[in-house]
Structure formats: C-alpha cells, structure tokens
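Chains as they are written, first to last, in our numbering: chain A, 1 to 322; chain B, 323 to 571.
Take a look at the structure:
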C-alpha cells in the first residue's frame, strides 16, 4: 500500500495533501499498489473527499487526545498506521506540519526520508525521488535502501486531479496519549489564512518598494489577479513591519506558483532560491541589469509605481481574479 | 543543565554549485565552508541559556578535519566542549541522526539544539529524527523559547500562523531565524579557542537509508522577453502575453 498522510483545514483536505494524493494515485497505478489516505485528529470530518482524489481506502485515526497537534503523538499514530497496513511508501505534503511529523515517522520506522520532493517514480518496487538541494541550485535524485520509504511533496508542483475511487473508510486505533509536547495555542500572525506556498499567483515586493505602506499597490494587483502578496528578505529585513511568513527565499518560503510577479526585486541568489520553480516569472525593475531579468519569462524595465497600477487597472478591465 | 548543539558545516550560501566528476556529489574544490546559518541561532540560544540558567554546553559536528573550523568557532563563542564525530557520511539525514543519537546516548543532555534546516541537503529532518531516536519531545522551527522547571514553551512558525507548544525536557529544539541575534566571536575568544582541544571520536557505524544517485544542475530557463513602451503599453502587452501565450491568467 501507498499511504498519504492528509491534513484537513475547516473540514476540507488541504490542497497540498490533495496534490500528494493525486501523485500517489499515479504511482499506485504504475506499481499496482493500493492507495490509502490517512487522516489523524479529534475528528476527521471531510476525510471522504480523499475518495474523489484516488484513495482506494480512507483510514481514520480519531481520538480526543489528537485534538491538539503533537509531533510525537501524530508520529506515533502515523507510524502505527503504516505498520498496521503494511504500507511501503508514505507521502505527506511538505507543509509546516508535514515537515514536522514525516521525518519523525521515518526515524520511528527506520525508513529513508526525502523532503520537499518535486518528482517521484517507482523503480524496482521502491520509490525514487528528485528534489532541489543547495537552495535550488542543484537537483538531487535519491533512491531508498529501506523497505519503507517516506517523502514529503513540495506544494504547487503536482496537480490535484479528481479521480473517483471506492474510498472504503476504516477506523484505526489511536495512541493512548500522554504525549511529550503538545500545541497549546495558535497565534494568528503573519499572512493570516493565506499560505503563500499554496498560491497560484504571487505578487512579491523587494527593496524597491521603498516602504511597507507601498505594498498596498501590490495587494491591489494581487487582488485583481486572484493572488497573494509576498516579499523578499531585503523587504522583510528593512523594518517595514512585514511578517516573516511573507518572506520568499532561502531563509523564507519556497514557492512554485503558476505566475510570479517580482516587483522591485533585484534577484539575489537568496531570493531566487525561493521562487525559481515558478512556472512563469514576470520582473518589474528600474535597473535593466538586475539579475532577476535573467530568470524572467517577461521583463518590464520601468518604475513599478507606474507599471503596477496600470497592470491592476488592465487586469480589472479584463475581469480577472473573479 | 546539559546542552548539546549540533553544528553542520555547509558551503557558503553564495557558492556557485559545481557537480563533481562522479555526477552525484558536490565539487568542493572552490567552496568556502561555513557553519549552516540556522545553526548559529541554535548555538546562540544554548549560550544564552547557559548565561541565564547555568548550563554546560557541548558542540558537536559530524564530519572530517575541515569541520573542526565550525567547532573552533564554537569554542571561540564560549562552548565548554567541542567534539568532532569523525564520519564521511553525508546526504542521508537518518544516518546523521543515528550518529548523533549514538553520540548523545547516556550523556544526559536536557536540551539538544540544531538549526531547523542544514543548507545543502535542505531536508530539514535531522532534528525531528534525533528527537524520535532519543525518545524525547521536539520543537521544530522555533522563534521563541522559554525553559523552566523541566519543561519548555516554544513558539514555532507554521504555514500561516505560529503555534505555541509546551513539552517536557529532555527536548530537541530546532532554531529558526528570529529566535535570537547571534553574537560574533571576539578576539579574546578566538585566541582562547586556539589553546582549547577539540575532542575526536569515531562515528557509530550506521547503514545508509537513502543514496544520492545523481546531482544535476537545474535546467536553465529559456531567455525571457523585455516588453517595450510606456507603463500602460507594457501593462497591456504583459496581460496579453500572460493570457494568450503563457496561458496562465
């Protein structure tokens, strides 16, 4: 069995988890394996959605002790499920939670682990993956030496494709509790409910924005395109009051949106590491020599404070972002 | 309190990556080596805890002779003990976690600090793996930490918000930018460190769980196009291309 650990939010399976499910469905078909979706929590409401994305089986581990996230508690639950079902491949999305729990599960199972993978294949019955290393400056292809293989998939790289399967629901036993560390409180700060790693369109600002208040023009464009706003490290470090959760780059988030619009961003290696996987890159910068233009699909040499409002106006006129 | 800080030596973040002749490893010939940036926050937090609560701090690095540089720097910053765990093992986080767990075994560390991610492999996984192998709590990607009475409270960065978690010691903490502002070694520290000894031990033998089959440079992006005209014309041209050529809006 190939097992995909799925996260839910507001009673729906999160998009990065659906992407992992879809990719796992492809692997399952390729290797003749069964695909299981695994959900863990006090309530797994919304789990049934996994059947629409290719899950042959839906495994739920529900218990009051799992209401608040615990790294060790969830790792125990997931590892138990892998062993109970005899799964040989475990995938999770490389979200904050996925990256926290998956390596712990791998260690618990003595399984090889690869993080943030961008391509998966089955070779001789085992997983083989490709993943960016050195902050995206190289790509490593990794094979596994262990009977169980664990990997997390980078959000926005794989496509969530509906594919209806039986999705037979089964409840699995939950760990007893008494966990070593437990989340007590969620602090709303930063980008609120929008995770820039999941966004299809990102409008990002750099040092050329000159001030945090000027990000308003980016927000207007993002809204007109149905996207979200991000920032370079230079902008976040400038003391303009931008939260670190907006930061894209080697020391921030790694994003792969369909469309990335870099405004007043020079294209330092630190920033490029976080966005070079974007499908289409637009650069708007006054400096025609800015390195960002080497990456850009479309470049505009000009004053972002003139160009961006024009883009917003034109995008609204086209009725985009609806 | 006993604290362990695990440091990784990595290529400078500005390094141009070249693939070695074997096609699966880094050509280290022109590489400047540094301590992984997140590890600096880990080390700083350990030193601050020693100053505020009293602790004995051990720095450890898994690697060869050149990894002594990061340990020498840790000594200059004030750690009590620096240990090189000799191993050529690299690229497999579980192997490194097992080596570190074997080193920590029986030494009674209350806290283990690491960077949340080692630049290079970028797996961000040794911390959680080590916590599991040691059978202790983990707090991963931490931006704030309080330790008192055998327990800890940590704030960790989530996808869209922050989580406050509480747990019992011992614990493995992985540091994120924002946790603190790392200090630099002063001349006195650097001179003193030269006289100190870096202990050396052989790494526990471990089997590889993953193997790098190949290392490749990413495909370069095709040459882009610059759009001409005034702001309004550039905006109109761009939206047209995004819709009709790139088909992304």
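Quick reminder that beta carbons are idealized off the backbone N, C-alpha and C, glycines included. On a predicted model such as this, the values are computed, not experimentally measured, just so you know.
One question on the structure: do residue i and residue j come within less than 9 Å of each other, judged by their Cβ atoms?
i: residue 297 of chain A; j: residue 565 of chain B; result: no
i: residue 232 of chain A; j: residue 540 of chain B; result: no
i: residue 92 of chain A; j: residue 148 of chain A; result: no
i: residue 153 of chain A; j: residue 532 of chain B; result: no
i: residue 403 of chain A; j: residue 17 of chain A; result: Only positions 1 to 322 of chain A appear in the structure, and residue 403 of chain A is not among them; the question remains open.
i: residue 353 of chain B; j: residue 537 of chain B; result: no
i: residue 66 of chain A; j: residue 42 of chain A; result: yes
i: residue 251 of chain A; j: residue 499 of chain B; result: yes
i: residue 202 of chain A; j: residue 259 of chain A; result: yes
i: residue 284 of chain A; j: residue 135 of chain A; result: no
i: residue 331 of chain B; j: residue 413 of chain B; result: no
i: residue 53 of chain A; j: residue 31 of chain A; result: no
i: residue 346 of chain B; j: residue 430 of chain B; result: no
i: residue 458 of chain B; j: residue 380 of chain B; result: no
i: residue 174 of chain A; j: residue 263 of chain A; result: no
i: residue 435 of chain B; j: residue 364 of chain B; result: yes
i: residue 404 of chain B; j: residue 455 of chain B; result: no
i: residue 245 of chain A; j: residue 156 of chain A; result: no
i: residue 553 of chain B; j: residue 287 of chain A; result: no
Please list the partners that residue i has in chain B, where partner means a Cβ-to-Cβ separation under 9 Å.
i: residue 318 of chain A; result: 561, 565, 571
i: residue 289 of chain A; result: Neighbours of residue 289 of chain A on chain B: none; closest Cβ ~12 Å, over 9 Å.
i: residue 157 of chain A; result: What residue 157 of chain A touches in chain B: nothing, since even the nearest Cβ is about 13 Å away.
Around the C-beta of residue i, are 16 or more other C-beta atoms found within 10 angstroms, so that it is buried, or is it exposed?
i: residue 19 of chain A; result: buried
i: residue 470 of chain B; result: exposed
i: residue 307 of chain A; result: buried
i: residue 444 of chain B; result: buried
i: residue 208 of chain A; result: buried
i: residue 25 of chain A; result: buried
i: residue 12 of chain A; result: exposed
i: residue 159 of chain A; result: exposed
i: residue 99 of chain A; result: buried
i: residue 83 of chain A; result: exposed
i: residue 508 of chain B; result: exposed
i: residue 461 of chain B; result: buried
i: residue 567 of chain B; result: exposed
i: residue 447 of chain B; result: buried
i: residue 198 of chain A; result: buried
i: residue 14 of chain A; result: buried
i: residue 367 of chain B; result: buried
i: residue 217 of chain A; result: buried
i: residue 472 of chain B; result: exposed
i: residue 137 of chain A; result: buried
i: residue 527 of chain B; result: exposed
i: residue 374 of chain B; result: exposed
i: residue 477 of chain B; result: buried
i: residue 523 of chain B; result: exposed
i: residue 289 of chain A; result: exposed
Return the Cβ separation of residue i and residue j in integer angstroms, given the expectation that the two are a contact with Cβ distance under 8 Å.
i: residue 297 of chain B; j: residue 497 of chain B; result: Here chain B covers residues 323 to 571 and nothing more, so residue 297 of chain B does not appear.
i: residue 265 of chain A; j: residue 227 of chain A; result: Their Cβ separation, rounded to whole angstroms, is 15 Å, which puts residue 265 of chain A and residue 227 of chain A out of contact at 8 Å.
i: residue 194 of chain A; j: residue 70 of chain A; result: About 26 Å; that fails the 8 Å criterion.
i: residue 60 of chain A; j: residue 47 of chain A; result: 6 Å
i: residue 36 of chain A; j: residue 55 of chain A; result: 6 Å
i: residue 272 of chain A; j: residue 295 of chain A; result: 7 Å
i: residue 179 of chain A; j: residue 73 of chain A; result: 4 Å
i: residue 112 of chain A; j: residue 106 of chain A; result: 7 Å
i: residue 372 of chain B; j: residue 520 of chain B; result: Incorrect: roughly 19 Å between the Cβ atoms, too far for contact.
i: residue 139 of chain A; j: residue 442 of chain B; result: Going by Cβ atoms, the distance from residue 139 of chain A to residue 442 of chain B rounds to 13 Å, so no, they are not a contact pair.
i: residue 511 of chain B; j: residue 369 of chain B; result: Rounded, the Cβ-Cβ distance is 11 Å, inconsistent with contact.
i: residue 485 of chain B; j: residue 186 of chain A; result: 6 Å
Please compile the residues from chain B whose C-beta is within a distance smaller than 8 Å of the C-beta of residue i.
i: residue 187 of chain A; result: 477, 483, 484, 485, 486
i: residue 83 of chain A; result: Within chain B, no residue comes near residue 83 of chain A; the closest Cβ sits about 15 Å away, beyond 8 Å.
i: residue 178 of chain A; result: The premise fails here: residue 178 of chain A is roughly 10 Å from chain B at the closest Cβ pair, so nothing lies under 8 Å.
i: residue 66 of chain A; result: Chain B residues near residue 66 of chain A: none, gap ~14 Å exceeds 8 Å.
I want to verify the contact list: residues of chain A whose CB lies under 9 Å from the CB of residue i, in sequence order.
i: residue 409 of chain B; result: Those do not exist, as residue 409 of chain B stays about 17 Å from chain A at its closest Cβ, beyond 9 Å.
i: residue 441 of chain B; result: 134, 135, 250
i: residue 416 of chain B; result: 103, 106, 107, 110, 111, 112, 113, 146
i: residue 333 of chain B; result: 134
Just the chain A side, please: which residues come within less than 8 Å of residue i by C-beta, in chain order?
i: residue 270 of chain B; result: Outside the displayed range of chain B (323 to 571) lies residue 270 of chain B, so it cannot be described from this structure.
i: residue 339 of chain B; result: 134, 137, 138
i: residue 427 of chain B; result: Ordered by position in chain A, no residue passes the 8 Å Cβ test against residue 427 of chain B, which lies about 15 Å from the chain.
i: residue 513 of chain B; result: Simply none; closest approach about 32 Å.
In chain B, what lies closer than 7 Å to residue i by C-beta?
i: residue 295 of chain A; result: 543
Would you list, in chain order, the members of the stretch 345-373 of chain B that have their beta-carbon closer than 9 Å to a beta-carbon of chain A?
346, 348, 359, 360
Any residues in the stretch 224-255 of chain A with a beta carbon nearer than 8 Å to a beta carbon of chain B? Which ones, in chain order?
225, 244, 245, 250, 251
Closer than 8 Å between beta carbons: that is the criterion. Which residues of the stretch 516-530 of chain B meet it against chain A?
529, 530
Counting only Cβ-Cβ distances shorter than 7 Å, please list the residues of the stretch 91-102 of chain A near chain B, keeping chain order.
95, 96, 99, 100
Where the stretch 196-214 of chain A meets chain B: residues whose CB sits under 9 Å from a CB there
196, 197, 198, 200, 201
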